[in-house]
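Enquirer: Going by my numbering, the first residue of the first sequence is number -11, and it counts up by one from there.
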Amino acid sequence: MSTSSQPQFRYTQTPSKVLHLRNLPWECAEEELVELCKPFGKIVNTKCNVGANRNQAFVEFADLNQAISMVSYYASSSEPAQIRGKTVYIQYSNRHEIVNNKSPGDTPGNVLLVTIEGVEPNDVTIETIHLVFSAFGFVHKIATFEKAAGFQALIQFTDAETASSARNALDGRSIPRYLLPDHVTSCYLRISYSAHTDLNIKFQSHRSRDYTNPYLPVNPTAMEGLLQPVVGPDGKKQEPQSNVLLASIENMQYAVTVDVLHKVFSAFGTVQKIAIFEKNGGTQALIQYPDVTTAAVAKESLEGHCIYDGGYCKLHLSYSRHTDLNVKAYSDKSRDYTISDPSLLATQVPGLPAAPNAWQNPQGVPVHHGTDYSASAAIQGQPPAGQVPAWDPNFQARPPYGSVTGQTYQSLTAPTYVNAARPAGSSPLSQPGASSMPMQQQQQPQPPWANVRQGGAAVLGRPPYYSR
DNA sequence: AGCACA
-11 MSTSSQPQFR
-1 YTQTPSKVLH
9 LRNLPWECAE
19 EELVELCKPF
29 GKIVNTKCNV
39 GANRNQAFVE
49 FADLNQAISM
59 VSYYASSSEP
69 AQIRGKTVYI
79 QYSNRHEIVN
89 NKSPGDTPGN
99 VLLVTIEGVE
109 PNDVTIETIH
119 LVFSAFGFVH
129 KIATFEKAAG
139 FQALIQFTDA
149 ETASSARNAL
159 DGRSIPRYLL
169 PDHVTSCYLR
179 ISYSAHTDLN
189 IKFQSHRSRD
199 YTNPYLPVNP
209 TAMEGLLQPV
219 VGPDGKKQEP
229 QSNVLLASIE
239 NMQYAVTVDV
249 LHKVFSAFGT
259 VQKIAIFEKN
269 GGTQALIQYP
279 DVTTAAVAKE
289 SLEGHCIYDG
299 GYCKLHLSYS
309 RHTDLNVKAY
319 SDKSRDYTIS
329 DPSLLATQVP
339 GLPAAPNAWQ
349 NPQGVPVHHG
359 TDYSASAAIQ
369 GQPPAGQVPA
379 WDPNFQARPP
389 YGSVTGQTYQ
399 SLTAPTYVNA
409 ARPAGSSPLS
419 QPGASSMPMQ
429 QQQQPQPPWA
439 NVRQGGAAVL
449 GRPPYYSR
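(1) Could I get the ranges of all uninterrupted beta strand (DSSP E) runs contained in the region 152 to 188, with 3 residues as the minimum, in chain order?
(2) Are the region 117 to 130 and the region 79 to 94 touching, with three or more C-beta to C-beta distances below 8 Å?
(3) Count the other CB atoms within 10 Å of the CB of G39; is the residue buried (16 or more) or exposed (fewer)?
(4) Okay, do the region 181 to 192 and the region 137 to 153 touch, 3+ Cβ pairs below 8 Å being the bar?
(5) Have a look at L233 and L168 and give me their C-alpha separation to the nearest angstrom.
(6) What's the call for Y166, buried or exposed, on a 16-neighbour Cβ count within 10 Å?
(7) In this structure, how does DSSP classify D324 when only helix, strand and coil are distinguished?
(8) Taking 6 Å as the limit between beta carbons, can you name the residues of its chain near P68, skipping five residues before and five after?
(9) Residue ranges of each alpha helix (DSSP H) run of no fewer than 4 residues wholly in the region 90 to 128, ordered along the chain?
(10) Shortest alpha-carbon distance to I31 belongs to which of T326, A55 and S66?
(11) Can you have a look at Q192 and say buried or exposed, based on whether 16 or more other CB atoms are within 10 angstroms of its CB?
(12) Whose C-alpha, out of T311, G73, I114 and Y296, is nearest the C-alpha of H128?
(13) Where does the unbroken beta strand (DSSP E) through V259 begin, and where does it stop?
(14) L290 and L303: beta carbons closer than 7 Å?
(15) Mind checking F49: buried by the 16 CB within 10 Å criterion, or exposed?
(16) Could you name the residues of the same chain whose beta carbon sits closer than 6 Å to that of A283, not counting the 5 residues immediately before and after it, in chain order?
(17) Could you work out which residue in V280, V285, F256 and S306 is closest to A273 when comparing CA atoms only?
(18) By DSSP, does H304 sit in helix, in strand, or in coil?
(19) Determine the direct distance from the alpha carbon of N53 to that of V6, and round the result to whole angstroms.
(20) Cutting at 6 Å between CB atoms, please list the residues of its own chain near S180, excluding the five before and the five after it.
(21) If you follow the beta strand (DSSP E) that A284 is in, where does it begin and where does it stop?
(22) Mind checking whether Q79 and H8 have CB atoms under 7 Å apart?
(23) How far does the alpha helix (DSSP H) with A136 in it extend, from its first residue to its last?
(24) Over the uninterrupted beta strand (DSSP E) stretch that includes V6, give me the two end residues.
(25) Let me check understanding here. Comparing Cα to Cα, which of T281, S254, I295 and A286 lies closest to A243?
(26) What's the gap between the Cα of D247 and the Cα of G257?
(27) Anyone know if the C-beta pair for N239 and G299 falls short of 7 Å?
(28) Tell me the rounded alpha-carbon separation between S57 and S4.
(29) Can you tell me the Cβ-Cβ gap for P96 and A148, rounded? I've got them flagged as a contact below 8 Å.
(30) Taking only three categories from DSSP, how would you classify V59?
(31) Is A263 near V315, with beta carbons less than 7 Å apart?
(32) I'd like the span of the alpha helix (DSSP H) that includes V246, first residue to last.
(33) Report the three-state DSSP secondary structure of F28 (helix, strand or coil).
(34) Since A235 contacts I275 with CB under 8 Å, what's their CB separation in whole angstroms?
(35) S174 and T132 look like a contact to me (Cβ under 8 Å); what is the Cβ gap, rounded to whole Å?
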């Protein structure tokens, strides 16, 4: 902070395109400023409400001579410059351009930056935010994050007009109390415009949503945040035991299929469900046991071990926060072994339960496959049987391609490959007789909200966000 | 009445 850094005399004006106007009336509008100045030239920028009293302003002309003409005119005029009858004092500014006339947050755009004050991130769900802002138009995307400023959300509308209507209505307002947890006393929204025009949402999760693409992959790890945060009795975070294990597969040189995982994890007890997914470029899987004890044994036994010799497909296990996976009964990435007796599924059982809870498993009970899959399996080159990757220390490293299951669920395998091989729309499941399960062709992961509604299958097919 | 923003 050196005084010599300001060598120019403060009140000695060298000409500038920028004029400094002071003694302006309270909250002088930009229009009033322009009215006063535009007879002298083209105004390219202004800044109003400057100074502690907000009664100063800057006006920048396109050309220096225009500014000079204005200053000269009023220097020799008998009538001072006036706005609303107040004399306005005009000088050259000591700067030569107006910078940051508008802060970026005041430049309208279709994306709002919302800071939610007075709440913890867990107090306001993305659903609540969506609800509040949807009142002004279709909300395309939402991304939430925690920064120094607090809990913030980027909310993408179709256009700046919609965004500004939301901003005008909600800025400084509070989210309705009934949408908030009881312990939240106040929750004020500070809204500005983001410079973004299109948010890049990679996953549906508890922190981000893309309502234009309901079938965007769900990030299962992120979705765990939907559950209660886990805090031990001592107040510290802990990893609670669970009947569901989260397996990260490292150095996955060979394909790890549902069948392989089933074989490996079945060594410790009944495996109920398996789901495989990609996360951060790696492969992870969720393996569900009936009880925590079995999961704990499997975790202790398998942690750090490799599915194949040579350090291939090394397992890292932790407890998932899930307790009951909602997975497609048959897909190349998931399996629900609890759906019913596999031996029944292999054969056509016309009256097999239409399953009161069939909507929870949109892939449904594949009673319609009939003879179809045997042919498709052949097309896929799947041998009827093959080497089973066993949990055997002597097991030779070998890609499990073509590996087929043991007798127990061999029959389950074929429909999986059938579904994977068949283009959407050609599934026999879409035949009229299958109308009770309308969404069976949806191969994408279910949006997380799909399974919380009754009749979720129908909701999945036509999310409410398409209703506009 | 006396020079902004972030």
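Virtual Cβ for every residue (Gly too), placed ideally from N, Cα, C.
Expert: Taking the definition as stated:
(1) 176 to 181
(2) no
(3) exposed
(4) yes
(5) 32 Å
(6) exposed
(7) strand
(8) T75
(9) 114 to 122
(10) A55
(11) buried
(12) I114
(13) Note, V259: premise wrong, no beta strand (DSSP E); not H, not E.
(14) yes
(15) buried
(16) N231, L233 and Y277
(17) S306
(18) strand
(19) 11 Å
(20) G93 and L101
(21) It is not in any beta strand (DSSP E) - A284 instead sits in the alpha helix (DSSP H) that spans V280 to L290.
(22) yes
(23) It is not in any alpha helix (DSSP H) - A136 carries neither H nor E in the DSSP assignment.
(24) V6 to R10
(25) I295
(26) 15 Å
(27) yes
(28) 11 Å
(29) 4 Å
(30) helix
(31) yes
(32) V246 to F253
(33) helix
(34) 6 Å
(35) Incorrect: roughly 19 Å between the Cβ atoms, too far for contact.
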